[in-house]
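Numbering (the numbering used here), first residue to last: -3 to 419.
Read the structure below first, then the notes.
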Amino acid sequence: MTNLKNLRGMVDLLPAQIDYWQKVESIARDHFSRAGLEEIRTPIIEQTELFLRGIGENTDVVGKEMYTFEDRGGRSCTLRPEGTASVARAILQNGLLNNGPQRLWYGGPMFRYERPQAGRQRQFHQIGVEFVGFDSVISDAEVISIAWDFLCALGLNDLTLELNTLGSNEDRHSFKEKLKDWLNQRFDLLDEDSQKRINVNPLRILDSKNIAIKKLLCEAPSLSDFLSKESKNRFDFLQELLNNLNIPYKINKNLVRGLDYYSHTAFEITSDHLGSQATVCGGGRYDGLIADLGGPKTPSIGWAIGMERLIILTKDRISHSKFPDAYVINRGQNAQQVALKITRKLRSDNFRIELDYSGSSFSKQFKRADKSGAKLAIVIGEDEVSKGQLMIKQLRDDEKEKGGKEYICSIEELNQLISKLIV
RNA sequence: GCGGGCGUCGCCAAGUGGUUAAGGCAGCGGCUUGUGGCGCCGCUAUUCGGGGGUUCGAAUCCCCUCGCUCGCCCCA
């Protein structure tokens, strides 16, 4: 084995798995285009500044997971850890909002410097949706249903949608103060992580997985008591809309989400079949982000799905059969000329053709033809060349019988005969 | 960043201190230089993730290192 290896947490997608990806991607493209979304592609590298301002300096993603480096001009660059900030930047920079609100989707690699484990890599892929410039609650419902229906279209039917509201910035601000006081009074009961977070990001303590903390928090002040009338109405209406769409959900008051830009609606879609990294899809409303990046106040909502996790879940449901229609067996230089030519011709006629290059015995070539999974073998030897004919043999009409049917035809008849035989 | 498990051919593996490192799958070649799916025969690791050490002798013991994997944290 070579001592040249890929970097830790970076994964090769080999031909054997690529079918799964293409299938999921094509279903996604189709699904999104029917929902009226347009695709956007942004660079993989951005100014570090974008993520500092967009995601928030106190988040784990920014604090300890970014791939940041200096380029030759001394600029601080970062491999994007998520898609939303880049999309927001591109929208602003290119003035897309001048054409009205935007409904976009994107896909591609993201980078986070973390310890790899099941369902987590350093380079991973997300596919995401961003509705930028929409305030109405039905846009929330629409965005969630696009995610839900997409996952259903992939045959996933045992997922859980968790839903919460983070309220407006004002709601959260007054709640934060109250929560801090309450936590400070119980400082000694908190674990180290939570103690550190009190001043930096107290909301995140609510999401703690520590059982003792969880228990303690049952008594803590609840954000829901600090929601303004308007925030409450939004959340109620969203639930009504989802009920109306028959999309099942579970309210999870501790669902906070790790990135700073979220407000109001927050949601996650999780699965029991992913090990400890259970989230397939995460998203929410981010009304402040565009303004934080220097744009106009622009209410927005979106989500991202982790492709690797999605592939884990859908793998068994996706069948892939990419067998050739015919395998071209040939022997001798004259035959090779004919073989190459008709291979090209048949491919342009939309057949899937595999050509043997080996020049080895007919026996060997038949073996390979069989292994290729092709339905037919097209045989060209010196005999055929001298008679101006071709032979076609069926490889899998009668699994049990020895030897498939053989047909002789001219080059002109080939297309028709193959069409007939492969149905 | 912290813990646990693991690392022998492309894949699955046996071997746990003693001369040439089992076996299976896949691959290649032959039996069969014009006929596949079955069968039979042969070939394919100077080397056991890498580097040091102990020993007459190491894949097997020790140290370091790298990687994989699962979990924690956090997220997609």
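Where a beta carbon is used, it is the ideal one built from N, C-alpha and C, also for glycine.
These numbers come from a predicted model, not from an experiment.
Can you round the beta-carbon distance between residue i and residue j to whole angstroms, since I take them to be within the 8 angstroms contact cut?
i: Arg85; j: Leu46; result: 6 angstroms
i: Ala143; j: Leu175; result: Contact flag wrong, Cβ pair sits at about 30 angstroms.
i: Ala322; j: Ile414; result: 6 angstroms
i: Thr156; j: Phe231; result: Rounded, the Cβ-Cβ distance is 18 angstroms, inconsistent with contact.
i: Val128; j: Ile286; result: 7 angstroms
i: Tyr16; j: Ile307; result: 5 angstroms
i: Phe358; j: Ile325; result: 7 angstroms
i: Ser164; j: Ser227; result: 5 angstroms
i: Glu61; j: Arg108; result: 4 angstroms
On the CB-based measure, 16 or more other CB atoms within 10 Å of its CB, does residue i come out buried or exposed?
i: Leu0; result: exposed
i: Asn90; result: exposed
i: Gly124; result: buried
i: Cys465; result: A question about residue 465 goes unanswered here, because the residues of the chain that appear run from -3 up to 419.
i: Glu138; result: buried
i: Ile14; result: exposed
i: Glu188; result: exposed
i: Gln181; result: exposed
i: Gln117; result: buried
i: Asp345; result: exposed
i: Glu236; result: exposed
i: Glu66; result: exposed
i: Ile207; result: exposed
i: Asp283; result: buried
i: Leu10; result: exposed
i: Glu173; result: exposed
Keeping to the same chain, check which residues put their C-beta closer than 6 angstroms to that of residue i; ignore five residues upstream and five downstream.
i: Pro112; result: Gly5
i: Ile247; result: Leu159
i: Thr310; result: Leu150
i: Glu241; result: Checking the displayed sequence, the identity of residue 241 turns out to be Leu instead of Glu. Cβ neighbours of Leu241 beyond the five flanking positions: Ser141.
i: Lys401; result: Gln390
i: Ile265; result: Leu155, Leu157, Val276, Cys277
Identify, in the order they occur along the chain, each residue of the same chain with its Cβ nearer than 7 angstroms to the Cβ of residue i, setting aside the five sequence neighbours on each side.
i: Ile36; result: Val83, Ala86, Leu100, Tyr102
i: Ala81; result: Leu46, Phe47, Gly50, Ile51
i: Gly271; result: Ala114, Gly115
i: Ile23; result: Ala149, Leu150
When the Cα atoms are used, what is the spatial distance from residue i to residue j?
i: Tyr63; j: Asp366; result: 48 angstroms
i: Glu304; j: Tyr403; result: 46 angstroms
i: Arg68; j: Gln273; result: 37 angstroms
i: Lys318; j: Arg327; result: 26 angstroms
i: Asn330; j: Glu378; result: 7 angstroms
i: Thr38; j: Leu88; result: 13 angstroms
i: Cys405; j: Asp8; result: 44 angstroms
i: Leu186; j: Val196; result: 15 angstroms
i: Asp26; j: Pro292; result: 32 angstroms
i: Gln98; j: Leu92; result: 7 angstroms
i: Arg343; j: Pro295; result: 50 angstroms
i: Arg168; j: Leu223; result: 8 angstroms
i: Val334; j: Tyr353; result: 13 angstroms
i: Ile209; j: Asn250; result: 12 angstroms
i: Ser218; j: Gly96; result: 37 angstroms
i: Gln332; j: Arg313; result: 41 angstroms
i: Glu21; j: Ser356; result: 40 angstroms
i: Val252; j: Gly279; result: 11 angstroms
Given residue i, which residues of its chain have a CB within under 8 angstroms of its CB, disregarding the five upstream and five downstream residues?
i: Gly384; result: Ser406, Ile407
i: Ile194; result: Lys176, Leu179, Asn180, Phe183, Leu186, Ile201
For the ligand ZN, is there any heavy atom lying closer than 7 angstroms to the beta carbon of residue i?
i: Asn326; result: In the structure shown, the ligand ZN is absent, as is every other ligand, since no ligand is present at all.
The region 355 to 374 touching the region 383 to 391, judged by at least three CB pairs closer than 8 angstroms = yes
ask   = Is there contact here, the region 242 to 261 with the region 50 to 61, by at least three beta-carbon pairs under 8 angstroms?
value = yes
inquiry  = For the pair the region 72 to 79 and the region 38 to 45, tell me if three or more CB-CB distances fall below 8 angstroms.
reply    = yes
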